[in-house]
Amino acid sequence: MLFACFIPFLLFLKGKPMQEVEDVLEDGRRFFSLNLITAGHGALHYASLFMFDWLAKRYNVLEKRNQVPQHIQFWFKLYYWMFMTGGCLFFGAGLLIHFTE
Numbered sequence: 000m001l002f003a004c005f006i007p008f009l010l011f012l013k014g015k016p017m018q019e020v021e022d023v024l025e026d027g028r029r030f031f032s033l034n035l036i037t038a039g040h041g042a043l044h045y046a047s048l049f050m051f052d053w054l055a056k057r058y059n060v061l062e063k064r065n066q067v068p069q070h071i072q073f074w075f076k077l078y079y080w081m082f083m084t085g086g087c088l089f090f091g092a093g094l095l096i097h098f099t100e
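Under numbering that gives the first Met the number 0, the first residue of the sequence shown is numbered 0, with each subsequent residue one higher.
Written out as structure tokens, the structure reads:
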């Protein structure tokens with residue numbers, strides 16, 4: 000059920016929000032908005048840059064990320080936490096079934 004929310008949400012992020020982030024952080028290079036697979040990777044990548052200072056500093060975008068509007072940062076962070084929660088639920092259910100049998 001949660002997976003059914005990922006694809007439409009990713010299609011939303013792949014559009015204008017990802018292009019705005021690429022304009023600011025990547026100086027207009029459009030790599031992650033090419034197709035759905037790279038958009039999924041890019042959404043998780045940009046969300047982690049928005050959440051973690053040490054990672055943004057590693058990619059030299061610590062100052063640039065403040066130029067991205069807060070509502071766009073929120074959408075990427077929300078996608079990140081939905082993806083991680085879905086992954087934990089998926090593997091947690093498998094572990095639960097494995098250890099209860």
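For glycine and all other residues, C-beta sits at the position ideal for the given N, C-alpha and C.
With a cut-off of 8 Å on the beta carbons, I'd call residue 48 and residue 64 a contact; round off their distance for me.
6 Å
Measuring alpha carbon to alpha carbon, tell me which residue in 52, 16, 96 and 6 is nearest residue 72.
16
Write down every uninterrupted run of the alpha helix (DSSP H) in the region 23-66 whose length is 4 residues or greater and which is fully enclosed by it, in chain order.
35-50 and 52-57
Tell me the rounded alpha-carbon separation between residue 69 and residue 83.
21 Å
Assign residue 91 to one of three DSSP states: helix, strand, or coil.
helix
Determine, using beta carbons only, whether residue 46 and residue 76 come nearer to each other than 7 Å.
yes
How would you call residue 74, buried or exposed, if buried means at least 16 neighbouring beta carbons within 10 angstroms?
buried
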